[in-house]
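K.L.:
Next up is a structure, given as structure tokens.
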Amino acid sequence: MRAFSYERPTQVAQAAHAATTHPDASYIGGGTNLLDLMKLDVAQPAHLVDVNRLPMERIELLNDGSLRIGALVRNSTLAADPHVRRHHAVLSRALLSGATAQLRNKATTAGNLLQRTRCYYFTDVSKACNKRVPGSGCEAIGGYNRIHAILGASASCIATHPSDMAVAMLALDAVVETDRRHIPIAELHRLPGDTPQIDNTLQPGELIVAVRLPPPVPSVQLYRKVRDRASYAFAAVSVAALIQARHGRIELARLAFGGVAHRPWRNHAAEQLLVGHAPSHALFERVADSVVTGAAGQGSNDYKIPLLRRTLVATLRQATEG
Amino acid sequence: MQSQTPIRPSLFDSPAGPNPLDQEHLLGRGIARVDGPLKVSGRAPYAYEVHDPSNTALVGVLVLSTVAQGSIRTLDAVAAEHAPGVRLVLTHRNMQRQGGPASEHCKPQMADATVRQNGQVVALVVADSFEQANAAAAMVAVAYDVKPALTDLAAGVPQATVPPPRSPSQPVDTNVGDFAQGFAAAAVKIDATYTTPHQAHAMMEPHASMAVWDGDHLTLHTSHQMLSTCAQTLASTLLLRPDQVRVLSPYIGGGFGSKLVTYADAILSATAARQLGRPVKIALTRPQVFGQTTHRTATIQRVRLGADADGTLRAIGHESWSGNQQGQTFYETAANQTRLLYAAHDRMTAHRQVRLDLPLASSMRAPGEAVGLLALECAMDELAERLRMDPVALRVRNDTQYDPEKGPSRPFSSRRLTECLHEGAARFGWEKRSPVPGQRREGQWLVGMGMASAIRNVALKPSNAEATLDGRGILTVGTAMTDIGTGTYTILTQIAGEMLGLPPERVVMQLGDTDLPEASGSGGSFGAASSGSAVYYACAQLRIALARRAGFDPARSRFENGQIIQDGRAVSLASLAGAQGIAATGGIKPGDLLKKYAQASFGAHFAEVGVDADTGEVRVRRMLGVFGIGRVLNASTARSQAIGGMIFGIGAALMEDVVPDRRHGDFVNHDLAEYHVPVHADVPAVEAYFVEEVDPIANPLKAKGVGELGICGAGAAVANAIYNASGVRIRDYPMTLDKVLAGLPDQA
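Protein chains in written order, with the working numbering: chain P, 1 to 322; chain U, 1001 to 1748.
See below:
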């Protein structure tokens, strides 16, 4: 860990100013990811702006039925919120499938969105990594890449976004509110392209202050996380599903996927294949085929393609069972 | 190094007769750990938490090589040397003179510019604070001339060599009868190859040391399983006499074999402290643990079984290939247990060594059996299926009461394998298992059961102890034994209390200090037997001394409730000890009973698993182990040992796998987020029972080993359950969901 300076402002404007004016500044919330990266010398912020005293801790139900989740709301608090559990169950389920109770007590909503990849080569400074050192190469390609992306990867980077929460929020069409603007969550995270060092579309110093969930969508909401052990493991693949069916036909379908790409993954075309149709195994197979179209493995992660397919079919089956 | 009075150890060369431990007033009871309150209240300091009273300790941070083979081309430490707080940067250019050559008990660091593995120390930075040392360590710039590294075990098999024997009693290969002929003639055959991955010990406490010099005498606070070898390694490496070295390791946060070796934290904290004239402490970071310390090597194992149609084994063949660095003699003895487990006329075992330029391979919990049984006991399951025979019945059919390689002249000291198999099957509800795989489904779960036999070699090592009773009636027992979290403090307290008729609260155990009588240390499941016997003998001597002081006949007196009693007369021990106290020493010197008798602990594992029919995820639902371990010294700690081993078995079956990067020769998933061991959610109801057994041939305690038995066979039981649940037979551990998935039928 390198030496750094630190401040803990109490106003959003103060924080944003500090982060914008200090070179190499970083916000710190729960610190469950950033502190690890600093200890590993992967992150070397010169200045930390601690946001924990900012007024961003509330969960507010707004008049239009949307929910405004403060950026500092802890993952455990959000997962346990009665309104979330009742109306946005996919989010509660995703949160509870992530990390451990101790980490969820500390981790914040905004921090969860902005956590960095768990790629082995990103977190080891002795290895080449375009995300950590642009232009140095990607050693995950040609290396051990069991946890890596099968969709939307590039020749520069095959890392995945590790969040469960963000996958559920993507299925919920959440909107990220910053100190400057509103960003649909689908536009927050990026694909790596040839600039994998840039995880998201936030501008320098831009501060997430809240996440808004649109009014609830009555639906069966599932979060299916497939992983190598029963807890404290990142998703090999995950599926967030909101399915609404009436009179034997699917009226609404939203699907988001984790563990497969540099960002939480959504496929609107696949969703549309479901709408208007009666649930059937053949239909689910067609949808799954559509989702994995263009998927490519890198060796040790080849299994994710059939796994994603099968997990989606199983999730759709469960979501539409009587 | 040694206590003042020379200890005369007792030769143990004939079976133990009746002795006071047979009373089992205190011994065997599941009393709570005597060190438990200290541990849960933070008053049991681990090595890195020890604070030198001078409050002048400096902190060292290691810089490790990032290539596997080659040499240091340039090393620039100027920036680090001038960084804030830095007191010393040691490299191969300014390293002090050390002993050599490198060997098991001599560990010179930074002796030259040659790089022999990824994770080798190339620099040590010592500063006033950890943060300063860590920041400066990141400034050390090293460039290497890199040579290609050998990292693939399978690729090295054609060049495999015959390693030297580990010991005279453990030949590398054995051949009895005519395996080729017996196998060829067998009615039913299995010929299968299994692979096991590299594994990490993943103990909670990383390796750490603090070195303090007083003149030319070194005191090292460290975390080590076997203090005498640590002291010996320090002396040979630092060019000291043994009496100049004291090693303290009273509390250890797990070892599992990793802390049988002395590493750079110990050597370099001592080196830097000597040079700087101040205490220096060094802890390995978790990623450094994976590179700098040892791991269990991967294996490739071919098992051939030939049987008659009734299940009688005719031929058993087990060959194993494992890897280690060039010049290292340690190999994984994965076929050794196959020499003892089942009867068969024609048999062969063989071990071969493949050079791998990876971090050092060495012992990890039950070296040999832990991975050997993953292969053998799956092959037995495959054979049972081919024979259309129950897997339990197949094992019972081939049970034996003598060493199957040596014949009836070498009987087992005790062997209750069949009892363990039958009791386990009954307790587990084994009769509900379908012999045809894939028959039981609960929702998305395919459910099945599997079982395996357990065997772990018994060993006995020289060990010594001293026992002193004071005028308050407090018995203080000292031995340079270690408690690596297994419960040694507690069982030794029980042995001493049983011998002198004292409750646990009147016994003080002192461990983990080389100033105490030299002891076996913890490893190979011999710690309890060896150090416990030493405590037994020391206390037996103390009984004699007390009886004589009372004017009693040592052979006819009893020790109860703090008194010595004979013919209705009772004298309090405290009054006999008086103000001066009374002391005795004792020790055990193993005789040749291990030659005359085959000695091992046995057991049977049963597992029920669910396999997700969609995703291939495997979750263990319940596990049961029944074990014969001789006398149970503490029902609670023995159970913890057994179920802890079984949980290791879950890890071996399902997830543990340190993956080498073939370009760099390091382990890619080098932390506990990505090297998976079972977490609570992976561990369902796991239960362990012990069959009634005492083994007077093993040692005076009549106890066998338990620390490693639980892992032996446990993973195979899980693997066999996966097959029974799903019909997917995997021979490549761990059985991660991708491998299961590949064998599952299409979704319906």
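In this text, a Cβ means the ideal position worked out from N, Cα and C, and glycines have one as well.
#1: Leaving out five residues on either side along the sequence, give the residues of the same chain with a beta carbon under 7 Å from the beta carbon of LEU103/P.
#2: Anything in chain P within Cβ reach of GLN1117/U, meaning under 8 Å, just list it in chain order.
#3: Give me the residue from ALA168/P, LEU312/P, SER156/P and ALA166/P with the minimum Cα distance to THR195/P.
#4: Compute the Euclidean distance between the alpha carbons of ALA101/P and SER76/P, then round it to the nearest angstrom.
#5: Per DSSP, what are the beta-bridge partners of THR1174/U in this structure?
#6: What did DSSP end up calling GLY1407/U once you bin it into helix, strand or coil?
#7: Would you mind working out which of LEU1313/U, ASN1699/U, VAL1668/U and GLY1603/U sits nearest GLY1587/U, comparing C-alpha positions?
#8: I'd like the ranges of any beta strand (DSSP E) spanning at least 3 consecutive residues and lying wholly in the stretch 1147-1216 of chain U.
#9: Strictly by DSSP, which residues pair up with GLN1808/U?
#10: Any idea if ILE198/P is buried or exposed, counting beta-carbon neighbours within 10 angstroms, 16 or more meaning buried?
#11: Taking ALA1584/U as the query, report the chain P residues whose CB atoms sit under 9 Å from its CB, ordered along the chain.
#12: Is there a C-beta anywhere in chain B that falls below 8 Å from the one on MET1655/U?
#13: Interface residues of chain U around GLY143/P at Cβ under 9 Å?
#14: Here's the rule: buried if 16 or more other CB atoms are within 10 angstroms of the residue's CB, otherwise exposed. What is GLN1580/U?
#15: Could you name the residues of chain P that ARG1619/U contacts, counting a contact when the two beta carbons are closer than 7 Å?
#16: Going by DSSP, which residues form a beta bridge with ILE1588/U?
#17: Could you check if MET1001/U is buried or exposed, using at least 16 other CB atoms within 10 Å of its CB as the buried criterion?
#18: Based on Cα-Cα distance, which residue from SER1269/U, SER1249/U, LEU1239/U and GLY1743/U lies nearest to ILE1090/U?
#19: Could you tell me the alpha carbon to alpha carbon distance between PHE1012/U and ASP1346/U, rounded to whole angstroms?
#20: Quick check: what's the CA-CA separation for SER1003/U versus LYS1461/U?
#21: In chain U, what lies closer than 8 Å to ARG2/P by C-beta?
#22: Please confirm whether ALA1538/U and THR1585/U have their CB atoms less than 8 Å apart.
#23: Given a limit of 9 Å on CB to CB distance, which residues of the stretch 118-135 of chain P reach chain U?
#24: With distance defined between alpha-carbon atoms, name the residue in GLU1466/U, ASP1173/U, GLN1109/U and PRO1745/U nearest to LEU1511/U.
#25: Take LEU1373/U and list the residues in its own chain whose beta-carbon comes closer than 6 Å to its own, dropping the five residues that flank it on each side.
#26: Considering only DSSP beta bridges, list what GLN1510/U is partnered with.
#27: Shorter than 8 Å from the beta carbon of ALA1547/U to some beta carbon of chain P?
#28: What runs of the alpha helix (DSSP H), each 4 residues or longer, lie entirely inside the stretch 73-121 of chain P?
#29: To the nearest angstrom, report how far apart TYR27/P and ALA233/P are at their CA atoms.
#30: If ILE1455/U and GLN1337/U are in contact, beta carbons under 8 Å, what's the gap, nearest whole angstrom?
#31: Note the first and the last residue of the continuous alpha helix (DSSP H) segment covering ASP1738/U.
#32: What separation, rounded to the nearest whole angstrom, lies between the Cα atoms of VAL42/P and HIS83/P?
#33: Looking at the C-beta of PRO1678/U, does it have a partner C-beta in chain P at a distance below 8 Å?
#34: What is the DSSP secondary structure of VAL125/P, reduced to helix, strand or coil?
#35: Using alpha carbons as the reference points, say which of PRO1287/U, ARG1286/U and THR1293/U lies closest to LEU1260/U.
#36: Is ASP41/P close to chain U? Criterion is C-beta to C-beta, closer than 8 Å.
P.N.:
According to the structure shown:
#1: By one-based count along the first sequence, residue 103/P stands at place 103. Taken in chain order, the residues that qualify are THR32.
#2: The residue labelled residue 1117/U in the question sits at position 117 within the second sequence. Going along chain P, no residue has its Cβ under 8 Å from GLN1117/U, so there is no contact; the nearest lies around 14 Å.
#3: Position 195 of the first sequence, counted from the first residue, corresponds to residue 195/P. Cα-wise, what sits closest to THR195/P is SER156/P.
#4: Sequence index remark: in the first sequence, residue 101/P carries index 101 (1-based). Sequence index remark: in the first sequence, residue 76/P carries index 76 (1-based). Each residue's alpha carbon lies about 7 Å from the other.
#5: Residue mapping note: residue 1174/U aligns to position 174 of the second sequence, counting from 1. Answer is THR1349/U.
#6: Mapped onto the second sequence, residue 1407/U falls at position 407. Three-state DSSP puts GLY1407/U in coil, outside helix and strand.
#7: Position 587 of the second sequence, counting from 1, holds the residue named residue 1587/U. Per the Cα distances, ASN1699/U.
#8: 1174-1176, 1188-1196 and 1208-1214
#9: Since the first residue of chain U shown is 1001 and the last is 1748, residue 1808/U is not available in this structure.
#10: For the purposes of this step, residue 198/P is identified with residue 198 of the first sequence, where counting begins at 1. By the neighbour-count rule (16 or more Cβ atoms within 10 Å), ILE198/P is not buried but exposed.
#11: The residue labelled residue 1584/U in the question sits at position 584 within the second sequence. Under the 9 Å cutoff, chain P gives no residues; its nearest Cβ is about 49 Å from ALA1584/U.
#12: Structure shown: chain B not included; protein chains present are P and U.
#13: Sequence index remark: in the first sequence, residue 143/P carries index 143 (1-based). Within chain U, the residues near GLY143/P are ASP1661, ARG1662, ARG1663, HIS1664 and VAL1668.
#14: Stepping through the second sequence from its first residue, residue 1580/U is reached at position 580. Exposed: under 16 other Cβ atoms inside 10 Å.
#15: Taking the first residue of the second sequence as position 1, residue 1619/U is located at position 619. The contacting residues are ALA230.
#16: As a working mapping, residue 1588/U is identified with position 588 in the second sequence. Bridge partners of ILE1588/U: SER1010/U and SER1463/U.
#17: Locating residue 1001/U in the second sequence gives position 1, where the first residue counts as 1. Residue placement at MET1001/U cannot be trusted, given a pLDDT of 38 that sits under 50; the coordinates are not used to answer.
#18: One-based indexing of the second sequence puts residue 1090/U at position 90. The amino acid occupying residue 1090/U in the given sequence is Leu; Ile does not appear at that position. When each option's Cα is compared against that of LEU1090/U, the closest is SER1269/U.
#19: Residue 1012/U sits at position 12 when you count from the first residue of the second sequence. Residue 1346/U sits at position 346 when you count from the first residue of the second sequence. One C-alpha to the other measures close to 34 Å.
#20: The residue you call residue 1003/U lines up with position 3 of the second sequence. The residue you call residue 1461/U lines up with position 461 of the second sequence. At SER1003/U, the pLDDT of 46 sits below 50, so the modelled position is not reliable and the matter cannot be decided from this model.
#21: Here the question's residue 2/P lines up with position 2 in the first sequence. Here the neighbours are ALA1135 and ALA1138.
#22: Within the second sequence, residue 1538/U is the residue found at index 538, counting from 1. Within the second sequence, residue 1585/U is the residue found at index 585, counting from 1. Taking 8 Å as the cut-off, the Cβ atoms of ALA1538/U and THR1585/U count as close.
#23: ARG118, TYR120, TYR121, THR123, ASP124, VAL125, SER126 and LYS127
#24: For the purposes of this step, residue 1511/U is taken as residue 511 along the second sequence, with counting starting at 1. Looking at the Cα atoms, GLU1466/U is the closest of the given residues.
#25: As a working note, residue 1373/U is residue 373 in the second sequence. Counting only residues of its own chain and dropping the five nearest sequence neighbours on each side, LEU1373/U has a CB closer than 6 Å to the CB of CYS1712, GLY1713 and ALA1716.
#26: Within the second sequence, the letter at position 510 stands for residue 1510/U. DSSP lists GLY1478/U as partners of GLN1510/U.
#27: Your numbering for residue 1547/U matches position 547 in the second sequence. False, the Cβ-Cβ gap to chain P never drops below 8 Å.
#28: Listed in chain order, they are 75-80, 82-87, 89-97, 101-106 and 109-114.
#29: For the purposes of this step, residue 27/P is identified with residue 27 of the first sequence, where counting begins at 1. For the purposes of this step, residue 233/P is identified with residue 233 of the first sequence, where counting begins at 1. Straight-line Cα distance between these residues: approximately 26 Å.
#30: Taking the second sequence and counting its residues from 1, one reaches residue 1455/U at position 455. Taking the second sequence and counting its residues from 1, one reaches residue 1337/U at position 337. At roughly 5 Å, the Cβ-Cβ gap stays under 8 Å, so ILE1455/U and GLN1337/U are in contact.
#31: Along the second sequence, one-based indexing puts residue 1738/U at 738. Run containing ASP1738/U: 1737-1743, per the alpha helix (DSSP H) assignment.
#32: Numbered from its first residue, the first sequence carries residue 42/P at position 42. Numbered from its first residue, the first sequence carries residue 83/P at position 83. When only Cα atoms are considered, VAL42/P and HIS83/P end up about 38 Å apart.
#33: As a working note, residue 1678/U is residue 678 in the second sequence. Cβ-Cβ to chain P under 8 Å: yes for PRO1678/U.
#34: Locating residue 125/P in the first sequence gives position 125, counting from the first residue. Residue state, collapsed to three classes: coil.
#35: For the purposes of this step, residue 1260/U is identified with residue 260 of the second sequence, where counting begins at 1. Taking only the C-alpha atoms, the option nearest LEU1260/U is THR1293/U.
#36: Locating residue 41/P in the first sequence gives position 41, where the first residue counts as 1. Yes - at least one Cβ of chain U is within 8 Å of the one on ASP41/P.
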